[in-house]
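Each remark here refers to the structure printed beneath this line.
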Amino acid sequence: NSNSRGNTNIVASIGKVDAAQDVINGCDFIVNALRILNGPLIQAKLNGDCREVYLNGEQFSMQEWTTHMFMYSTVYQMGYVKIMKNDYTLLFILSYRDLAGKREVNDIMRSLTFSKE
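Just so you know, our numbering puts 113 at position 96 of the sequence shown, and the rest follows in order with no gaps.
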């Protein structure tokens, strides 16, 4: 959805946790990913503590943060991470610029269903 509010979006990714990353849980994964992301052009600042939440019956680690991008405005983001079998991760990153955008991405996340297959 692109409009005057900015680009409200959700990105999904599946990846393998590298043993060298020292990741024990989803919260460690998010903190490690944000540490890698931070640099001269992008600064991500954690908002509150990472916590365990349930999303349609599945447990995820969830962290909110604010990203300041060089030459761009502030973007608010939320990450949901689930570490699955064989050290694979399921990651959702929700991005929004205001409360209406946050409601929009949260509504989409609540509509997801997960298969046990």
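A virtual CB, placed ideally from N, CA and C, is assigned to each residue, including glycine.
Given a threshold of 16 other Cβ atoms within 10 Å of its Cβ, counted over all protein chains shown, does residue i qualify as buried or as exposed?
| i | result |
| --- | --- |
| A117 | exposed |
| Y93 | buried |
| Y105 | exposed |
Taking the alpha-carbon positions, what's the residue i to residue j distance?
| i | j | result |
| --- | --- | --- |
| V70 | N103 | 21 Å |
| M95 | N73 | 17 Å |
| N123 | G56 | 28 Å |
| I27 | M79 | 14 Å |
| L58 | S90 | 12 Å |
| I41 | N24 | 32 Å |
Looking only at its chain, what residues have a beta carbon closer than 6 Å to the beta carbon of residue i, apart from the 5 residues adjacent to it on each side?
| i | result |
| --- | --- |
| L54 | A61 |
| K119 | Y113 |
Sort the options by Cα distance to residue i and report the nearest one.
| i | options | result |
| --- | --- | --- |
| S128 | E75, S30, G43 | E75 |
Within a Cβ cutoff of 8 Å, which residues of the same chain sit near residue i, ignoring the five residues on either side of it in sequence?
| i | result |
| --- | --- |
| T83 | A61, K62, N64, T91, V92, Y93, Q94 |
Threshold first: 4 residues or longer. Then list the alpha helix (DSSP H) segments lying entirely within the region 29 to 91, N to C. 43 to 54
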